[in-house]
Each structure stands twice: as C-alpha cells, then as structure tokens.
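Chains as they are written, first to last, in the numbering used here: chain Y, 6 to 229; chain F, 6 to 229; chain Z, 6 to 229; chain C, 6 to 229. C-beta: ideal position from N, C-alpha, C; glycine also.
Number of protein chains: 4
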Amino acid sequence: MSETKEPWLGELLRLAEAEDPVKTVKQGKILEAAIEIFSEKGYAATSTSEIAQRAGVAEGTIFRHYKTKKDLLLSIAGPIAAKMVAPFLMREFAKIIDFPYNWVEDFFRSIAKDRLIFARQNAKLIKILLHEVPFHPELLEQLKGMLTHIVFHRIEKVVLHFQAQGQVIEAPPWRIMRSAASLFIGMIVTHVFLVPEHPFDEDEEVERTLDILMHGISPAGRNA
Amino acid sequence: MSETKEPWLGELLRLAEAEDPVKTVKQGKILEAAIEIFSEKGYAATSTSEIAQRAGVAEGTIFRHYKTKKDLLLSIAGPIAAKMVAPFLMREFAKIIDFPYNWVEDFFRSIAKDRLIFARQNAKLIKILLHEVPFHPELLEQLKGMLTHIVFHRIEKVVLHFQAQGQVIEAPPWRIMRSAASLFIGMIVTHVFLVPEHPFDEDEEVERTLDILMHGISPAGRNA
Amino acid sequence: MSETKEPWLGELLRLAEAEDPVKTVKQGKILEAAIEIFSEKGYAATSTSEIAQRAGVAEGTIFRHYKTKKDLLLSIAGPIAAKMVAPFLMREFAKIIDFPYNWVEDFFRSIAKDRLIFARQNAKLIKILLHEVPFHPELLEQLKGMLTHIVFHRIEKVVLHFQAQGQVIEAPPWRIMRSAASLFIGMIVTHVFLVPEHPFDEDEEVERTLDILMHGISPAGRNA
Amino acid sequence: MSETKEPWLGELLRLAEAEDPVKTVKQGKILEAAIEIFSEKGYAATSTSEIAQRAGVAEGTIFRHYKTKKDLLLSIAGPIAAKMVAPFLMREFAKIIDFPYNWVEDFFRSIAKDRLIFARQNAKLIKILLHEVPFHPELLEQLKGMLTHIVFHRIEKVVLHFQAQGQVIEAPPWRIMRSAASLFIGMIVTHVFLVPEHPFDEDEEVERTLDILMHGISPAGRNA
DNA sequence: TATGAATGAGTATTCATTCAT
DNA sequence: TATGAATGAATACTCATTCAT
Chain Y
6 MSETKEPWLG ELLRLAEAED PVKTVKQGKI LEAAIEIFSE KGYAATSTSE IAQRAGVAEG
66 TIFRHYKTKK DLLLSIAGPI AAKMVAPFLM REFAKIIDFP YNWVEDFFRS IAKDRLIFAR
126 QNAKLIKILL HEVPFHPELL EQLKGMLTHI VFHRIEKVVL HFQAQGQVIE APPWRIMRSA
186 ASLFIGMIVT HVFLVPEHPF DEDEEVERTL DILMHGISPA GRNA
Chain F
6 MSETKEPWLG ELLRLAEAED PVKTVKQGKI LEAAIEIFSE KGYAATSTSE IAQRAGVAEG
66 TIFRHYKTKK DLLLSIAGPI AAKMVAPFLM REFAKIIDFP YNWVEDFFRS IAKDRLIFAR
126 QNAKLIKILL HEVPFHPELL EQLKGMLTHI VFHRIEKVVL HFQAQGQVIE APPWRIMRSA
186 ASLFIGMIVT HVFLVPEHPF DEDEEVERTL DILMHGISPA GRNA
Chain Z
6 MSETKEPWLG ELLRLAEAED PVKTVKQGKI LEAAIEIFSE KGYAATSTSE IAQRAGVAEG
66 TIFRHYKTKK DLLLSIAGPI AAKMVAPFLM REFAKIIDFP YNWVEDFFRS IAKDRLIFAR
126 QNAKLIKILL HEVPFHPELL EQLKGMLTHI VFHRIEKVVL HFQAQGQVIE APPWRIMRSA
186 ASLFIGMIVT HVFLVPEHPF DEDEEVERTL DILMHGISPA GRNA
Chain C
6 MSETKEPWLG ELLRLAEAED PVKTVKQGKI LEAAIEIFSE KGYAATSTSE IAQRAGVAEG
66 TIFRHYKTKK DLLLSIAGPI AAKMVAPFLM REFAKIIDFP YNWVEDFFRS IAKDRLIFAR
126 QNAKLIKILL HEVPFHPELL EQLKGMLTHI VFHRIEKVVL HFQAQGQVIE APPWRIMRSA
186 ASLFIGMIVT HVFLVPEHPF DEDEEVERTL DILMHGISPA GRNA
C-alpha cells in the first residue's frame with residue numbers, strides 16, 4: 006500500500022507524533038488554561054481575558070503566541086483530532102492483515118482498549134474537539150478527511166480480509182464498521198463522559214461489548 | 006404501574022404534548038429564527054441582534070417574550086428534551102409487556118423507526134439540545150432525570166420481561182439497553198446528521214441494524 | 006399690597022389649593038406609585054415600567070394620563086413646590102403685621118410649627134422636589150421665583166416691621182431670614198429626614214430652637 | 006483621648022490624605038469628566054458614553070479603570086466624604102480643648118472659615134456626594150459613621166468644655182452643635198450653591214453669622 | 001518575550017414611548 | 001379608558017485585538 010498519493014499523511018503524522026515545538030512556560034500555561042475553560046464552557050463562551058487570568062499571564066501574551074483566539078482553538082483541536090486517528094496511521098497497521106491478529110475479536114479488542122484508554126487520558130480535548138467540529142469548517146474538513154481517507158479505507162481492508170476468511174458476515178463493510186464503532190463509542194461515552202466517577206472493570210467491559218458485537222443479544226445459536 | 010409517585014409525569018406530559026401556549030406571530034418568527042441560528046452556530050456564538058434581524062422584528066421584541074437569551078434557549082431545548090422521551094411516557098407503554106409485542110425485535114424495531122422519524126423531523130432542535138446540554142446544568146439535570154427515571158426504568162422492565170422469556174441473553178439490562186441505544190443512535194446520527202443528503206432505505210436500514218443487534222457480526226450459529 | 010402685578014399668584018394659588026382635577030382610580034394609583042419610587046431611587050433611576058407594575062396598571066396607561074415621564078414628575082413636584090410656600094400666599098398673611106402676632110417669637114413659632122407638620126406629612130414629596138430641582142430648569146425657575154417674589158418679599162416686610170418695633174436687631178432682613186430659615190430647616194431635616202424614627206417633643210423642640218434664634222448660645226445678658 | 010479603639014481612623018486618614026494612587030493620564034481625564042457631568046445632571050442621568058466622550062477616551066477605557074459605573078461614583082464620592090470631615094480627624098484637634106482656642110467664637114470661626122473655603126473649592130464634589138448619598142446605602146453608612154463617630158463625638162467634647170467654662174448655655178450639646186451647623190451650612194449653601202456669582206466679604210459673613218449664633222437676633226441684653 | 005493600557009465594535013438588556021385593539 | 005405588543009435608540013459593560021513600553 007503506497008502512501009505517496011495521500012498528501013494527508015505527512016502532515017498528519019507530524020501532528021500526531023509532535024510532542025511540541027519549543028514552548029515557553031507561559032505558552033504551556035495558556036494552553037492548559039484554554040483547554041480547561043474551553044471544555045468547561047465551550048469555545049464561544051470563553052473569553053481570552055479569562056484564559057489569561059487562569060493562566061496567570063497578561064492578556065497580550067496570549068496574542069504573542071496565537072494570532073487569534075481561533076488560532077488557539079485550532080492549536081488545541083487540530084492535534085487531538087490527529088491523535089484520535091493516530092493508531093490507524095501507524096505503518097504497522099498496514100500489516101495487520103497478515104499479523105498480528107488472527108481473529109476479528111483480537112483486532113477489535115485491541116482498538117477498543119487502546120481508544121478507551123486514550124479517551125480517558127484526553128477527555129477534555131476530545132470534548133472540545135467534538136463540540137467545536139460542527140461550527141468550524143476547517144476542523145470539520147480535517148476530521149472528515151482523516152476519517153474517510155485514513156481510518157475508513159484502512160479498516161475497510163481489514164474487514165474485507167476477515168470477511169474473506171468467513172469470520173464476519175457478508176454485509177457492506179461500512180455497516181460492520183459502524184456497528185463496531187457505535188458499540189465502542191457507546192461504551193467509551195458512558196464511562197468517560199456520562200458516569201466517569203463510576204468505577205468499572207475495563208477488560209470485562211470491553212469483553213462483554215465485544216461479545217455483543219460478535220453475537221448480538223439473542224441467545225439463539227450461541228453454543229452452536 | 007401506578008405513576009402517582011412520579012412528580013415528573015404531570016410536568017413532562019404537559020411539555021411533551023403542548024403545541025404552544027398562545028403565541029404572537031412575531032414570537033413564532035423569533036422562535037423559528039432562533040432555532041435556525043442556534044443550530045447553525047451554537048447558542049453562545051449567536052447574537053440576539055442576529056436573531057431579531059432574521060426574524061424580522063426589533064431586538065426589543067425578543068425580550069418582551071423571553072426575559073433573557075437563555076430563556077429563549079430553554080424554551081426551545083426544554084420541550085424538545087421532553088418530546089425526545091415522550092414515547093416512553095405513554096400510558097400504553099406500560100402495557101407493552103403484555104401487548105402488542107411478542108418479540109424483542111418487534112419492540113426495538115418499533116422504537117427505532119419512531120425515533121428515527123422523530124430525529125429527522127427535529128434534527129435542528131436535537132442538535133441544539135445535545136450541543137447545549139453539557140453547558141447548562143438545568144438542562145443537564147432535566148435530561149438526566151428524564152432518561153434515568155422515565156426511560157431507563159421503563160425499558161428495564163421490558164428487557165427483564167424478554168429475558169425471562171428467553172429471547173434475550175442473560176446480562177445486566179443496562180448493557181442490553183446500551184447496546185441497542187448505541188446501534189440505533191449510530192444509525193440515526195449517520196443518516197440525520199453526518200450524511201443527511203445520502204438517501205437510504207429506511208426499513209432496510211432498521212432491519213439490518215436490528216439483525217446485528219440480535220445476532221452480531223459473526224456468522225457462527227446464524228442458521229442454527 | 007396690590008397683587009395685580011404678580012402673574013405668579015393666580016397660577017400658584019390654584020396649584021396650592023387644588024385638591025385634584027378629576028382623577029381616575031388608576032391615575033391615583035400611578036401617582037402614588039410614582040411618588041413612592043421616585044422618593045426611593047430618584048427620578049432618573051426609576052423606570053416607567055416599574056411604576057406601572059407597582060401601580061398595577063399597564064405600561065401604556067401611564068402615558069394616557071401623562072404625556073411623558075417628565076410630565077409625571079412635574080405633576081408631582083409642581084404642586085408640592087406650591088404647597089411649600091402656600092402659607093405665605095394666604096391673603097391673611099398680609100395682615101400679619103397688624104394681627105395676630107405682637108411678638109416676633111409668635112410669628113416664627115407659628116411658621117416653624119406649621120412647616121414642621123407639613124414636612125412630616127409630605128416628606129416623600131419634599132424629598133423628590135429637593136432632589137430634582139437642581140436638574141430641571143423649569144422646576145428651578147418656578148421654585149426660585151416663588152421663593153424670591155412671594156416668600157422673600159413678604160417676610161422681609163414682616164422683619165422690617167419687627168425691626169422698627171425694636172424686637173429684632175438692625176441687620177439686613179435677609180440675614181435675619183436666613184438665620185431663622187437655617188435653624189428651622191436644620192430642625193426639620195433632623196426630625197423628618199435624618200432620624201424620623203426618633204420621637205421628640207415637638208413644642209419643646211420648636212421652643213428651644215426659637216430660643217437660640219432669639220438669644221444665641223451665649224449665656225451673656227440672658228437674664229438682663 | 007486614645008484613638009486606638011476606632012478602626013475608622015486608619016482607613017479614613019488614608020482616604021482623606023491620599024492624593025492619588027498612580028493614575029494614568031486617561032484615568033485622570035475620566036475622573037474629571039465624570040465629576041463634571043455627575044454634578045451637572047446627576048449620577049443616574051449620566052451615561053458612560055457621555056463621560057467617555059467628554060474625557061476624550063474610548064468607552065471601554067472607563068471600564069478598564071473602574072469595574073462599574075458605580076465604582077466610578079464611589080471613587081469620587083468616597084474620598085470627598087472623607088475630606089469633608091478631615092479637619093475633625095486631625096490629631097491636633099484633640100488638643101483644641103487646651104489650645105489654641107480660648108473662646109467658643111474662635112473655635113467656631115476657625116471651623117466655619119475652613120469649611121467655607123473647602124466647600125468653595127470642592128463645590129462639585131460636594132454636590133455629587135450630597136445628591137447620591139440617600140440612594141447608595143454604602144455611601145450613607147460611610148457618611149453616617151464618620152459624622153457620628155468622628156465629628157459628633159469630638160465636637161461634643163469641645164462643647165462640654167466650653168459649657169463648663171460658662172461660655173455656652175446649658176443645653177444638650179447636640180442642640181448647640183445642630184444650631185451652629187445649621188447656621189454655617191445655611192451660609193455656605195447660600196454662597197457656594199445658591200448665589201455663587203454674588204460676591205461677598207467672607208470675613209464679614211462669618212463674623213455676622215457667628216454673632217447671631219452667639220447672641221441671636223434679639224437686641225435684648227446685647228450690651229449687657 | 002511579556003506587559004497591560006487602550007480601543008471601538010459588539011453584547012444582552014432596558015427604556016420611554018406609540019398604537020392597534 | 002385601558003391594554004400590552006412592538007419598537008429602536010440607548011444603556012452599561014465585554015470582547016478580541018493592537019501597540020508602545
């Protein structure tokens with residue numbers, strides 16, 4: 006699978022992997038403060054002066070690092086969008102077809118666990134991203150592009166592979182993917198956003214969700 | 006199932022059924038305009054002057070009918086929240102256990118179709134509601150309350166009923182419910198919000214989603 | 006003393022004596038409410054809608070009776086200004102010189118008592134008048150005109166009369182008048198506005214104030 | 006007379022003596038403009054935009070220096086209230102009893118002259134203060150507190166001292182004080198506020214007012 | 001790099017007043 | 001006479017952004 010036709014990749018990989026490009030102490034505080042407040046009240050309802058205050062810097066300092074308020078938002082939302090799809094970008098992901106997953110369950114389990122952990126570690130950033138995406142065309146395009154061109158296409162191949170092996174029913178790959186995504190997102194949203202205070206057995210949760218993804222809620226033919 | 010202990014019901018039924026309490030022509034236009042713009046740019050990013058302009062009224066007129074901008078939001082978001090859960094409120098819903106659904110599929114199919122249609126007819130309102138809920142504690146409480154006390158409790162009974170009949174695997178009812186909800190919401194979000202322009206066969210979609218809910222994506226034991 | 010040269014008088018006497026020119030029940034309530042609120046928060050800080058609310062009438066009703074908000078103020082402040090100087094207008098006042106006061110003390114005592122009672126009965130109205138007078142040229146002119154042309158001139162004659170009799174020291178009459186006015190106003194302000202809740206013996210108060218007006222605070226020559 | 010029990014003093018002395026705590030040029034212009042307009046039309050009838058215009062600054066600039074319009078008022082009215090009673094705060098005032106005044110007249114003359122000059126130099130500020138005091142409880146409390154705890158108590162001692170010496174008639178000290186205050190305020194109001202354009206011999210005015218305060222308007226016993 | 005005073009366009013809301021009912 | 005919906009100008013205050021220091 007040659008990546009050379011996808012101009013996305015260079016940019017994306019950089020974004021996804023970038024730790025950060027030389028950041029002042031103050032700049033770091035500004036980012037922290039912005040993430041906190043954006044996720045609490047939403048981008049539009051947050052004032053730069055409030056950010057400055059919580060970050061402990063002067064109002065003007067924000068604009069020395071970020072040309073506009075929107076710039077600040079994009080510098081937060083862009084990278085997190087990239088990181089959300091990062092695992093699907095990995096060079097090794099291409100090789101998934103041969104290795105290391107022999108079973109669909111293993112494949113989905115791996116993704117589910119990984120993204121659950123990721124979501125828990127980046128809850129605020131994800132909240133910001135999801136919230137602002139519909140209102141900022143650039144963000145929307147970026148995310149849509151990444152999801153369709155990178156994630157969708159790649160996973161589609163995996164699904165087709167497992168369908169060819171007879172491990173997955175014959176159905177349009179997008180339906181399989183949407184089902185898996187829905188169930189996992191449902192699980193993640195529940196534990197990370199709806200009832201984050203409620204403890205739970207992570208492995209068990211993933212396993213049970215996986216079971217329903219594979220066999221549904223009907224007992225019929227389970228033991229067959 | 007006596008409802009007398011739930012103070013929610015009176016209020017909710019009123020909200021859910023209320024067409025509207027005597028509304029000036031201008032008031033109607035204000036509401037329309039507000040819904041349009043709130044759903045386009047979000048509540049916080051919408052100015053009252055823009056609403057007035059699009060509604061073709063003076064800015065002051067808005068405040069004659071709604072004490073504050075937030076009041077206007079709540080008068081939009083409150084009722085739609087009520088209508089979202091309305092079907093689960095119906096008195097007849099309680100009798101679902103005996104009649105008219107003999108099969109889980111029938112029960113879930115009925116809900117899925119109904120809510121899909123509802124979502125399509127109220128896409129903008131739902132978008133507003135979901136978007137603002139995390140930022141307005143009153144809304145959050147209202148919705149949480151409705152979902153847990155009304156929807157959850159009622160569906161739980163139905164699930165237990167079908168589990169007793171052996172139509173549903175033994176698992177905590179909330180897991181069954183979450184799975185169904187996730188899959189249906191995934192379907193609705195896709196068709197109503199992500200690719201609304203893409204036509205689709207509604208019955209087929211519901212049927213296929215239902216199939217996965219019941220039997221999963223594994224071919225194993227399907228014909229058993 | 007021919008009054009024909011003073012165009013003030015006709016108008017003033019009418020104002021001072023007028024009970025009220027046919028007043029609707031609602032109009033009465035509006036006036037009451039306006040007086041109450043004007044005296045509480047000042048004219049400029051009072052909104053017509055608040056007046057309407059406290060009066061229990063519709064907003065529009067106020068403007069049916071008073072063309073503007075200022076009109077309402079003037080209909081309150083004008084009459085009270087007239088009533089403040091009313092006693093000095095009385096036809097009989099002219100005859101004071103002959104009768105019924107043989108002693109300055111009697112003259113001042115009579116005025117002091119009368120105006121003290123008046124102030125207590127009209128505290129709110131007086132507060133409004135004094136407060137708004139500097140900001141409304143019409144009011145200022147009206148009051149100034151009344152004070153100089155009516156009150157000042159008349160009392161001046163009385164003072165001159167008592168000076169001729171040797172009951173009052175030789176000094177410009179205005180100084181005598183200002184001294185008396187200052188002392189009595191100090192007394193009235195104290196009891197009506199500063200410490201209205203503090204009870205006091207009215208006669209005693211007037212008598213003591215009068216004593217100081219006549220003989221000062223020095224004991225020298227008192228018994229002479 | 007130990008002041009240590011009066012927590013007022015520290016605060017008050019600071020207020021009364023403070024020239025100003027580092028003030029931008031623009032801030033100064035804002036203050037000037039506000040004083041001018043507040044005294045012309047009253048606080049409530051003055052708009053911040055008008056102040057900004059007259060001060061030659063942007064409207065936003067006002068709010069950088071004063072959080073609210075009321076804040077601006079208080080920053081004007083607070084200090085002037087303190088300065089009004091400042092002379093009575095002076096440490097030397099306590100020693101008045103021994104020195105330098107041997108005669109009541111000297112004591113009152115000194116205060117009268119000083120406050121007359123002060124009033125003339127601060128006419129606008131005093132007008133603002135007196136006008137707004139009844140409508141702003143904080144101001145009212147501040148002024149009341151200062152007048153009763155500082156001014157009243159201190160002058161009372163002086164009066165008692167002169168009564169003991171036989172220079173002042175036996176009467177409740179507050180009556181003596183009120184009489185003096187009334188006469189002096191009458192004089193000040195006349196010359197500073199009512200007819201400021203009318204020139205007058207300051208010393209003569211004070212002397213004549215003092216004479217009436219001491220001996221009243223009756224000629225009886227004057228030469229005794 | 002960092003500050004914070006300054007800006008002026010923009011904000012939600014209130015106002016006195018009008019007018020059709 | 002009385003109402004209250006409608007107005008649009010005005011209000012106090014906030015905003016993102018600039019710039020001299």
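- Taking CB atoms only, F/ILE190 has a neighbour in chain Y less than 9 Å away.
- When C-alpha distances from Y/ILE35 are compared across Y/VAL156, Y/GLU45, Y/ILE67, the shortest belongs to Y/ILE67.
- Secondary structure within the stretch 108–177 of chain F: the alpha helix (DSSP H) runs of 4 or more consecutive residues, fully enclosed, are 109–126, 128–137, 142–150, 158–169 (chain order).
- A straight-line Cα-Cα distance of about 11 Å links F/GLU64 and F/LYS31.
- The Cβ of Y/HIS136 sits closer than 9 Å to at least one Cβ of chain F.
- For Y/ILE181, the chain F residues whose Cβ falls inside 7 Å of its Cβ are ILE222, in order along the chain.
- If the five residues before and after F/GLN147 are omitted, its C-beta is found closer than 8 Å to the C-beta atoms of GLY83, ALA86, all from its own chain and listed in chain order.
- For the pair C/LEU130 and C/PRO139, the CB atoms are not nearer than the 9 Å cut-off.
- By the Cβ test, the stretch 107–120 of chain F is not in contact with the stretch 69–82 of chain F, since fewer than three Cβ pairs between them sit closer than 8 Å.
- Closest in C-alpha terms to F/ARG120, from the list F/MET192, F/GLU55, F/ALA50, comes F/MET192.
- Under the criterion of beta carbons closer than 8 Å, Y/SER223 and F/VAL173 qualify as touching, at roughly 7 Å.
- The Cβ of Y/ARG159 sits no closer than 9 Å to any Cβ of chain F.
- Annotated three-state conformation of F/SER80 is helix, per DSSP.
- Straight-line spacing of the CA atoms in Y/ILE122 and Y/ILE217 works out to 21 Å.
- No residue range can be given for Z/THR73, since it is assigned to no alpha helix (DSSP H) and is classified by DSSP as neither H nor E.
- For Z/LYS162, no CB of chain C lies under 9 Å from its own CB, so it is not counted at the interface with that chain.
- At least one CB of chain Y lies nearer than 9 Å to the CB of F/LYS46.
- The C-beta distance from Z/PRO178 to Z/GLU202 rounds to 37 Å, too long to fall under 8 Å, and the pair is not in contact.
- Take Y/LEU165, set aside five residues on each side of it, and the residues of its chain with a beta-carbon closer than 8 Å to its own are PRO178, in chain order.
- Close partners of F/MET219 in chain Y (Cβ separation under 9 Å): GLY221, ILE222, SER223, ALA225.
- For Z/PRO139, the nearest beta carbon of chain C is closer than 9 Å to its own beta carbon.
- Taking CB atoms only, F/ALA49 has a neighbour in chain Y less than 9 Å away.
- Interface criterion not met: the Cβ of Y/THR73 is under 9 Å from no Cβ in chain F.
- With a cutoff of 9 Å on beta-carbon distance, C/ALA50 and Z/ALA49 are scored as near each other.
- F/ARG227 and F/HIS220 do touch by the CB rule: their CB atoms are close to 6 Å apart, below 8 Å.
- Secondary structure note for C/LEU36: its alpha helix (DSSP H) is the uninterrupted segment 30–46.
- Listed along chain Y is no residue with a C-beta nearer than 9 Å to that of F/SER52; the closest approach is about 11 Å.
- A direct Cα-to-Cα measurement between C/ALA225 and Z/GLY171 gives close to 9 Å.
- Put simply, the CB of Z/THR195 is near chain C, with a gap under 9 Å to one of its CB atoms.
- Residue contact with chain C for Z/GLY150: absent (no Cβ-Cβ distance below 9 Å to any residue of chain C).
- F/LEU199 counts as exposed, since fewer than 16 other C-beta atoms from the protein chains shown sit within 10 angstroms of its C-beta.
- Check the Cα spacing between C/GLU207 and each of C/ILE181, C/ARG180, C/SER184, C/ALA124: the tightest is with C/ALA124.
- Taking the beta carbon of C/ALA186 as reference, the chain Z residues within 7 Å of it are GLY191, listed in sequence order.
- In the structure shown, the three-state DSSP call for C/HIS203 is coil.
- If you compare the alpha carbons of F/LEU152, F/GLU175, F/VAL197, F/THR153 with that of F/ALA128, the shortest gap goes to F/VAL197.
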